[in-house]
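> According to the working numbering, the stretch in the sequence shown is residues 357 to 773, in order.
Quick reminder that beta carbons are idealized off the backbone N, C-alpha and C, glycines included.
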Amino acid sequence: MGCPTCRGYGVVTENEAAHLRLTRARSSLLLRHPFFATLALRLRLQEDRSCHSAWTDGECLAYNPDYINSISQDKLVGLTAHIVMHPACGHHLRRGKRDGKRWNEACDYAINWILEDAGFSLPEAFQSRQEFREMSAEAIYAVLAGDDGEEEQEGEEPEEPENPSENDREDETGPQQAEPDSQGARPSQEGVPGEVRDSPTLEADSPQDGEKSSWEEAMLSAASQAREMGRLPDGISRLVDKQLYPQLPWAELLARFIERNARSDYTWMMPNRRYLHQDVYFPALLENELQQIVVAVDTSGSVQPDELQHFAAEITAIMEQFPSRLHLLYCDAAVQEYRQFDKADLPVVIEPKGGGGTDFRPVFERVEKEHIPAACLIYLTDMECLHFPAEMPPYPVLWVQTGESRTRPPFGECIRM
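1. Suppose contacts are defined by Cβ-Cβ distances below 8 Å. Is F720 in contact with E584 by that definition?
2. Output the boundary residues of the alpha helix (DSSP H) element that contains H442.
3. For M739 and S761, what's the separation of their Cα atoms in angstroms?
4. Identify which residue in L558, I496, L500 and G475 has its Cα closest to the Cα of G591.
5. Can you check which of these residues, G456, E693, F697 and S658, is closest to I671 by C-alpha distance?
6. Can you tell me the Cα-Cα spacing of A373 and E403, whole angstroms?
7. For the beta strand (DSSP E) containing Q692, list its first residue and its last residue.
8. When you compare the CB positions of A462 and L500, do they come within less than 8 Å of one another, or not?
9. Are the Cβ atoms of R764 and W606 separated by less than 8 Å?
10. Taking C-alpha atoms, which residue in A444, W469, V433 and A493 lies nearest to N460?
11. So, at 7 Å on beta carbons, what are the nonlocal neighbours of P549 in its own chain, with the 5 sequence-adjacent residues on each side left out?
12. What does the alpha-carbon distance come out to for the pair R489 and V440?
13. Relative to the alpha-carbon of I649, which residue among H683, A495 and W469 has its alpha-carbon at the smallest distance?
14. Taking S658 and G502 to be in contact with their CB atoms under 8 Å, please state how far apart those CB atoms are, rounded to whole angstroms.
15. Three Cβ pairs or more, each shorter than 8 Å: is that satisfied between the stretch 732 to 747 and the stretch 566 to 576?
16. Only counting runs of 3 or more residues, tell me where the beta strand (DSSP E) segments fall wholly within the stretch 367 to 423, in order along the chain.
17. With distance defined between alpha-carbon atoms, name the residue in Q486, F391, L449 and I674 nearest to I614.
18. Would you say L432 and A381 are within 8 Å of each other, going by their C-beta atoms?
19. Measure from the alpha carbon of D701 to the alpha carbon of each residue in A690, C687 and S680, then state which is nearest.
20. Look at the alpha carbon of G456 and the alpha carbon of A652, and state the distance between them as a whole number of angstroms.
21. Give a yes or no on whether the minimum CB-CB distance between T655 and chain D is below 8 Å.
22. Closest to D464 by CA distance: which of N425, L558 and W411 is it?
23. Looking only at its chain, what residues have a beta carbon closer than 6 Å to the beta carbon of E551, apart from the 5 residues adjacent to it on each side?
24. Report buried or exposed for H743, applying the criterion of at least 16 other Cβ atoms within 10 angstroms of its Cβ.
25. Find the nearest neighbour of A668 within the set H727, I706, T379 and A689, judged by alpha-carbon distance.
26. Taking 8 Å as the cut-off, decide whether the C-beta atoms of K699 and T655 are in contact.
27. Can you tell me which residues form a DSSP beta bridge with V650?
28. Measuring only the C-alpha atoms, how far is P556 from N371?
29. Would A578 be called buried (16 or more neighbouring beta carbons within 10 Å of its own) or exposed?
30. Just to confirm, are A393 and L386 a CB contact at a threshold of 8 Å?
31. Roughly how many whole angstroms lie between the Cα atoms of G434 and I427?
32. Taking only the alpha-carbon atoms, compute the straight-line gap between P703 and Y497 and give it to the nearest angstrom.
33. Rounded to whole angstroms, what is the Cα-Cα separation between E559 and K453?
34. Going by DSSP, what residue range makes up the beta strand (DSSP E) through E769?
35. Could you tell me the boundaries of the alpha helix (DSSP H) in which L754 lies?
36. Can you grab the Cα-Cα spacing for the pair A582 / R388, in whole Å?
Below is the structure:
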């Protein structure tokens, strides 16, 4: 398609037109795909005519204006979502010693089916294969390397990682000469559509752990907001669970959640106004405030006694590390009992009251009624209930699930016990 140099915006250059089209693509994601829109805003736009189409290293969305102006707007929206998925999945941090081109191919196979299921239209060069659904980029890479008769490289970080972004590639106009570096000239690669490049934090002494956790937090926040709006694709929901909560013991995940959220200098009851205009909610600083944890226990009868005992033991162990006050609520279809614990009251003993039907709403209503400054809320339940609060509460929620229910909460994080 031709470059939109005149469409109600006055005469603009090819470069300006490309930037405008990308900005419009990101804006169109806000209502239709808020998960991708939230993450896309983390990447600054950067012109790069040396690349084939577009790339990211977790810090920018770099693009070739000629390519951007050559594809339809719906495919540009798909390209934007594709680029965003790479750092969301940590692809810019996980290549290690693997071949850059094949790593890009594996990463594309790992995410493109999710984008297609979500209704995106991807540019023609973007590939997906049915047999790679639900597989990690590392597992797909191993298959691709095996198909080519090569031994897979381990994913360990090399002392001097070879960044595929430093390799020149062929674009639509033909091959370019690769520039030599300190190790000598590197061969040119064929153009890679929507590629991922190594993060600058992979360089020596850079805080890559912070980069990883930053994207994980952003991914979780974006997923929570999209789920609240009812616009989180199933593939993304499963990806968030697998990406943020791999096969780790549930008790470790519980401890991580509390450690991340139960901080004495922050509260979610008063959002930081600095970010409200961006529809981003961060906790506000609150001096000399003890963090208070709310624990709700589903007492409808399906949570087994040994599960309750194990859960209580883990809560006790965590409270020993934090000077927290614990608010314990027993609830079936209504709150049956409300108790408070301090560190002096340990160990926590859970003695369920009730045994009727299940309704999640009374717990959240009670927290609001009691004006509890909750740092976070943890709900132990079998998830055999569809009665959730109509609105997401102003504090993080963790659902600790027992049993095999397929019900997914409309907000918060969920781990299986």
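Reading from the atomic positions:
1. Position 364 of the sequence shown, counted from the first residue, corresponds to residue 720. Position 228 of the sequence shown, counted from the first residue, corresponds to residue 584. Not a contact, by the Cβ cut-off of 8 Å.
2. Here the question's residue 442 lines up with position 86 in the sequence shown. Taken as a continuous stretch (DSSP letters only), the alpha helix (DSSP H) holding H442 covers Q429 to A444.
3. In the sequence shown, the residue the question calls residue 739 occupies position 383. In the sequence shown, the residue the question calls residue 761 occupies position 405. Roughly 6 Å between the two C-alpha positions.
4. For this step, residue 591 is matched to residue 235 along the sequence shown. Considering only L558, I496, L500 and G475, the residue with the shortest C-alpha distance to G591 is G475.
5. Position 315 of the sequence shown, counted from the start, is the residue given in the question as residue 671. Ranked by Cα distance from I671, the options G456, E693, F697 and S658 are led by F697.
6. In the sequence shown, the residue the question calls residue 373 occupies position 17. In the sequence shown, the residue the question calls residue 403 occupies position 47. Between A373 and E403, the C-alpha separation is close to 12 Å.
7. Residue numbering aside, residue 692 sits at position 336 when the sequence shown is read from its first letter. Membership of Q692 in the beta strand (DSSP E) is indicated by the continuous run V691 to F697.
8. Reading the sequence shown from its first residue, position 106 is the one you call residue 462. Reading the sequence shown from its first residue, position 144 is the one you call residue 500. Cβ atoms of A462 and L500: closer than 8 Å.
9. Residue numbering aside, residue 764 sits at position 408 when the sequence shown is read from its first letter. Residue numbering aside, residue 606 sits at position 250 when the sequence shown is read from its first letter. Not in contact: R764 and W606 (Cβ atoms no closer than 8 Å).
10. As a working note, residue 460 is residue 104 in the sequence shown. Checking every option, the nearest Cα to that of N460 belongs to A493.
11. Within the sequence shown, numbered from 1, the residue matching residue 549 stands at position 193. These residues qualify, in order along the chain: H408, S409, P479, A481 and F482.
12. In the sequence shown, counting from the first residue as 1, residue 489 sits at position 133. In the sequence shown, counting from the first residue as 1, residue 440 sits at position 84. Whole-angstrom Cα-Cα distance: 19 Å.
13. In the sequence shown, residue 649 corresponds to position 293, counting from 1. Ranked by how close their Cα comes to the Cα of I649, the residues H683, A495 and W469 have H683 in first place.
14. The residue labelled residue 658 in the question sits at position 302 within the sequence shown. The residue labelled residue 502 in the question sits at position 146 within the sequence shown. The distance from the Cβ of S658 to that of G502 is about 45 Å, inconsistent with a contact at the 8 Å cut-off.
15. no
16. As far as the stretch 367 to 423 is concerned, its whole beta strand (DSSP E) runs of at least 3 residues are 400 to 403, 410 to 412 and 416 to 419.
17. Locating residue 614 in the sequence shown gives position 258, counting from the first residue. Cα-wise, what sits closest to I614 is I674.
18. Mapped onto the sequence shown, residue 432 falls at position 76. Mapped onto the sequence shown, residue 381 falls at position 25. Their beta carbons are under 8 Å apart, which means L432 touches A381 by this criterion.
19. In the sequence shown, the residue the question calls residue 701 occupies position 345. When each option's Cα is compared against that of D701, the closest is S680.
20. Residue numbering aside, residue 456 sits at position 100 when the sequence shown is read from its first letter. Residue numbering aside, residue 652 sits at position 296 when the sequence shown is read from its first letter. C-alpha separation (whole angstroms): 48 Å.
21. No chain D appears in this structure, which consists of one protein chain only.
22. For the purposes of this step, residue 464 is identified with residue 108 of the sequence shown, where counting begins at 1. When only C-alpha atoms are compared, the closest one is W411.
23. Stepping through the sequence shown from its first residue, residue 551 is reached at position 195. Contacts found: W411 and N460.
24. The count along the sequence shown starts at 1 and reaches residue 743 at position 387. With fewer than 16 other Cβ atoms from the protein chains shown falling within 10 Å of its own Cβ, H743 counts as exposed.
25. Here the question's residue 668 lines up with position 312 in the sequence shown. Measuring from the Cα of A668, the nearest candidate turns out to be I706.
26. Numbered from its first residue, the sequence shown carries residue 699 at position 343. Numbered from its first residue, the sequence shown carries residue 655 at position 299. Pairing K699 with T655 gives a Cβ-Cβ distance that is not under 8 Å.
27. Reading the sequence shown from its first residue, position 294 is the one you call residue 650. Looking at the DSSP assignment, V650 forms a beta bridge with H683 and L733.
28. Numbered from 1 along the sequence shown, position 200 holds the residue referred to as residue 556. Numbered from 1 along the sequence shown, position 15 holds the residue referred to as residue 371. So the two alpha carbons sit approximately 26 Å from each other.
29. Along the sequence shown, one-based indexing puts residue 578 at 222. Taking a 10 Å sphere around the C-beta of A578, we find 16 or more other C-beta atoms and assign the residue as buried.
30. Position 37 of the sequence shown, counted from the start, is the residue given in the question as residue 393. Position 30 of the sequence shown, counted from the start, is the residue given in the question as residue 386. Cβ distance < 8 Å, so A393 and L386 count as in contact.
31. The residue given as residue 434 occupies position 78 in the sequence shown. The residue given as residue 427 occupies position 71 in the sequence shown. Distance between G434 and I427, taken at the CA atoms: about 11 Å.
32. In the sequence shown, the residue the question calls residue 703 occupies position 347. In the sequence shown, the residue the question calls residue 497 occupies position 141. So the two alpha carbons sit approximately 48 Å from each other.
33. Your numbering for residue 559 matches position 203 in the sequence shown. Your numbering for residue 453 matches position 97 in the sequence shown. Each residue's Cα considered, the two are about 14 Å apart.
34. Along the sequence shown, one-based indexing puts residue 769 at 413. Residues E769 to R772.
35. If you number the sequence shown from 1, residue 754 lands on position 398. Per DSSP, L754 lies in no alpha helix (DSSP H); the unbroken beta strand (DSSP E) holding it starts and ends at V753 to Q757.
36. Looking up residue 582 in the sequence shown gives position 226. Looking up residue 388 in the sequence shown gives position 32. Spanning the two alpha carbons is a distance of roughly 10 Å.
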